[in-house]
Amino acid sequence: MPDIHILPPHLADMIAAGEVVERPASVVKELVENAFDAGAKTVTVEVRGGGMTYLRVTDDGCGMTPEDAGIAFLRHATSKLHDARGLEAIGTMGFRGEALAAISAVSRVELTTRARGAASGVRVVLEAGEIQSMYETGCPEGTTMIVRDLFYNTPARLKFMKSDRAEGGACVAAAFRCALGRPEVSVRCIRDGDEQFFSPGDSRIESCVYSLLGRDAAKTLRACSGEQDGVKVEGFISSPGYGRGNRAQQYFYCNGRAIRSAALQAALEQAYRNTLLTGRFPACVLYITLSNAAVDVNVHPAKTEVKFTQEKTVFDAVHYAARSALEHERETAEVVLSRSTQKVASAPAAYEPNAAAENARRTLKSTAAPAAPRAPEPVFVAPVVREAPRTPARPIPPRVTPAAPAAAPEPPAPVQTALEQFPEHESGAAPEAPARFVGEIMNTYILVEKGERLLLIDKHAAHERINFDRLQARSEPLMSQTLLTPIPFSPGGAAAEALRENKALIEEMGFSLDPLAGDSFLIRAVPTLLNDADAPSALEEIAESLRHGGKLDPRAMRDEVLKTVSCKAAIKAGWNTEPEELLKLADAVVSGKVKYCPHGRPVAVVLTRKELDKQFMRIV
Ligand code: ADP
Ligand code: MG
């Protein structure tokens, strides 16, 4: 291999450019971040033809002097980092001085800039990183960067670009992600002449989230905040009833920088454990603020992955903030009936007094909370980029949530009493209207009137949740009952395998299985909570969740099994239920202790007076 030589600088720049500028969206991100670093209050991003033909970013930041504009495109030219000490605590988006060199190496760039207070501005025109012309010009204070014909001189890279639609969409998404991270900057994005989004830049995170995510998405979000050991978390997370089909709407920001982090994703998602439907993901916009020295942003070319020196602290801060937001959520989904039908309802059936009518006068009182279900400790997930040894697991004191009392084996069932006063809302605001138990309909739904709201409670779902919380709080095995006549049970081969593999867990739940020849078993004992007849179908369901729960940690696995047991042990829709029992269920829901069934379905919906009045056209 003869003749080693050093690559000419422009070739080296083109190679390095590949790291920073993968596609037009990376240019958008770098230019918008430069605008943020320049202290801009207003940034406009314009994209044409997928971003390959034309990209423009305009800001009203500090601008550049002609001297700076002349060297800004050189590799390692930066105003943001001066020495190695600076690298230990980076407070700006950029610091490597690479972006402008990389972008200009593979495109035609026009920079127009005027430093704050300067009499005039300067324009610099470059082609493939070489300055073609530079002259004084009149222009507003701030900077405008125009990037044309991206990758025109690197055909290999150009070949990898997707359609204009896809690349343009990615550009808008990149600008969006930046904008959502900076509520104090107003960002406007235009694509082929159409405005894609606009943020007001009034420094309020709620108006930033509202204007960018839109009204409908914002309505599904709840405020979330917390602080632990110098790590502040602020923002919004979705209600469990509004899980998304993927993680695209999980936005994490660390000191204003959009980051991806498997650990933070896990911290968030574990807070939703047993309240989200399977296959659904929470959405979030979370702003994490911590000292610049506690985070290393110099681990990834695009700086989207970061390394926290105290990873566990950040994980906990996010987890407990999310959990406390979810615990405080008391809102029940409101039903909006379809448009008033105008048709006169058909003659009502003969009035039948409801069996539970005697209870109609009773006022519900949610009693002092029985032992709260023990909140599971989150499983800390170390990120992929991490090189340092994992933080050894240690018990995590819950900070945000008050310490829950130790698990009570059998929490006392809520005692139903007939007190007048309904407990005050958490916020300590005016006392709420008392809740009145109205009765049950269709042997399925419990009706509770509370001021101007009618609660419809699914008795099965509510009971299932209560069972689940109670079982989850137990540490000892469930009570088991030996059957007088064992039940033969033959699930499929895969199911049988799953049951054999998880023998200990099955037994902890109170089942006892004797393996027979092939894939058959004899069920010798079942949890006392279950009817014998329900045992085979319960075991089938359990086997199913065990088979698909291969990736779950043991506690999540146990939860899956408990969900089946809780469901099977719960009263069913269509059953006759004693009014006393219904009252207990209603009480648990009204008090806010029970919100979602363990599978994530709501236990109650609300019909408001306003909605009814609309239906009857009392109001329009
Ligand atoms: P970095 O952001 O890592 O410093 P860049 O190549 O992105 O490197 O930018 C080089 C330098 O050019 C910056 O340090 C800054 O001084 C200047 N600069 C770039 N964009 C702007 C802008 N929009 N407004 C003012 N100065 C800018
Ligand atoms: Mg930069």
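Take 31 as the starting number for the sequence shown in this note's numbering and just add one per residue. The beta carbon of each residue, even a glycine, is placed where N, CA and C say it ideally should be. None of the values given here were measured: they were computed from a predicted structure.
Exercise for the section: Compute the minimum distance between the beta carbon of T108 and the heavy atoms of the ligand ADP, and state whether it is under 7 Å. Expected result: Flag set: Cβ of T108 near the ligand ADP.
Exercise for the section: Starting from G147, follow the beta strand (DSSP E) in both directions and report where the run begins and ends. Expected result: Taken as a continuous stretch (DSSP letters only), G147 belongs to no beta strand (DSSP E), as it is neither H nor E.
Handout entry: Inter-residue Cα distance where the pair is A555 and D499
Key = A555 and D499: Cα-Cα distance of roughly 23 Å.
Exercise for the section: Leaving out five residues on either side along the sequence, give the residues of the same chain with a beta carbon under 6 Å from the beta carbon of I45. Expected result: Annotation for I45: no residue places its beta carbon closer than 6 Å to its own, counting only its chain and skipping 5 residues before and after.
Problem - Contact belief for C201 with P54 at Cβ below 8 Å, rounded distance in angstroms - result: So it is a contact: roughly 5 Å between Cβ atoms.
Exercise for the section: Taking F228 and R218 to be in contact with their CB atoms under 8 Å, please state how far apart those CB atoms are, rounded to whole angstroms. Expected result: Yes, they are in contact, since the Cβ atoms of F228 and R218 sit about 5 Å apart, within 8 Å.
Practice task
Tell whether a beta-carbon distance below 8 Å holds between G273 and L307.
Solution key: At a Cβ-Cβ threshold of 8 Å, G273 and L307 count as neighbours.
Practice task
Just the C-alpha distance for A526 and L535, rounded to the nearest angstrom, thanks.
Solution key: One C-alpha to the other measures close to 14 Å.
Handout entry: Chain-order list of residues whose beta-carbon lies under 7 Å from that of T319 (same chain, five-residue window excluded)
Key = Cβ within range, chain order: K262, N285.
Problem - Closer than 7 Å: A204 CB and nearest the ligand MG heavy atom - result: Because no heavy atom of the ligand MG lies under 7 Å away, the Cβ of A204 does not count as near it: no.
Handout entry: Close-in-space but distant-in-sequence residues of the same chain around D643 (CB under 7 Å, 5 per side omitted)
Key = Contacts found: I649.
Handout entry: 8 Å contact criterion, which T184 and M94 should meet: CB distance rounded
Key = With 8 Å as the limit, T184 and M94 do not qualify as a contact, their Cβ atoms being about 27 Å apart.
Practice task
Could I get the ranges of all uninterrupted alpha helix (DSSP H) runs contained in the stretch 102-186, with 4 residues as the minimum, in chain order?
Solution key: Listed in chain order, they are 129-135.
Handout entry: Supposed contact pair L513 and D562 - C-beta distance, whole angstroms, cut 8 Å
Key = About 6 Å separates the two Cβ atoms, so the contact holds.
Exercise for the section: Can you tell me which of the three DSSP states K480 falls into? Expected result: In this structure, K480 counts as strand in the three-state DSSP scheme.
Exercise for the section: Please name the residue or residues paired with I471 in a DSSP beta bridge. Expected result: The partner list for I471 (beta bridge, DSSP) reads Y475.
Problem - T334 beta carbon near the ligand ADP (any heavy atom closer than 7 Å) - result: For the ligand ADP, not one heavy atom lies less than 7 Å from the Cβ of T334.
Problem - Boundaries of the alpha helix (DSSP H) in which F345 is found, first to last residue - result: 341-357 is the extent of the alpha helix (DSSP H) around F345.
Problem - Cβ-based neighbour list, V155, same chain, cut-off 6 Å, excluding 5 preceding and 5 following - result: So the list reads E140, Q162, S163, once near-sequence residues are dropped.
Exercise for the section: In the DSSP assignment, find the beta strand (DSSP E) that holds R78 and state where it starts and stops. Expected result: First-last of the beta strand (DSSP E) with R78: 72-78.
Exercise for the section: Enumerate, from N- to C-terminal direction, the unbroken alpha helix (DSSP H) stretches of 4 or more residues contained entirely within the stretch 209-246. Expected result: Those alpha helix (DSSP H) runs which fall completely within the stretch 209-246 and span 4+ residues are 235-243.
Problem - At least three beta-carbon pairs within less than 8 Å, the stretch 223-240 to the stretch 116-133 - result: The stretch 223-240 makes no contact with the stretch 116-133; the number of CB pairs closer than 8 Å stays below 3.
Practice task
Would you tell me roughly how many angstroms separate the C-alpha atoms of I487 and M587, rounded to the nearest one?
Solution key: Between the C-alpha atoms of I487 and M587 there is a straight-line separation of about 28 Å.
Practice task
Using three-state DSSP, classify P331 as helix, strand or coil.
Solution key: Three-state result, P331: coil.
Problem - Cβ shell of H629 (< 7 Å), same chain only, five flanking positions each side left out - result: Closer than 7 Å at Cβ, skipping near neighbours: L307, K593.
Exercise for the section: Check the DSSP bridge columns for R554 and list the partner residues they point to. Expected result: The partner list for R554 (beta bridge, DSSP) is empty, contrary to what the question assumes.
Handout entry: Three-state secondary structure (DSSP) of C627
Key = The DSSP-derived three-state label of C627 is coil.
Practice task
Would you be able to state if there are at least three C-beta pairs under 8 Å between the stretch 95-109 and the stretch 295-309?
Solution key: The answer is no - the stretch 95-109 does not touch the stretch 295-309, with fewer than three Cβ pairs under 8 Å.
Problem - Sequence-distant residues of its chain with Cβ nearer than 6 Å to S237 (five each side left out) - result: Here the set comprises P230.
Problem - Contacting residues, own chain, Cβ-Cβ under 6 Å from A107 (five flanking each side not counted) - result: Hits under 6 Å: I101, G127.
Problem - According to DSSP, residues forming a beta bridge with S255 - result: Its beta-bridge partners are E264.
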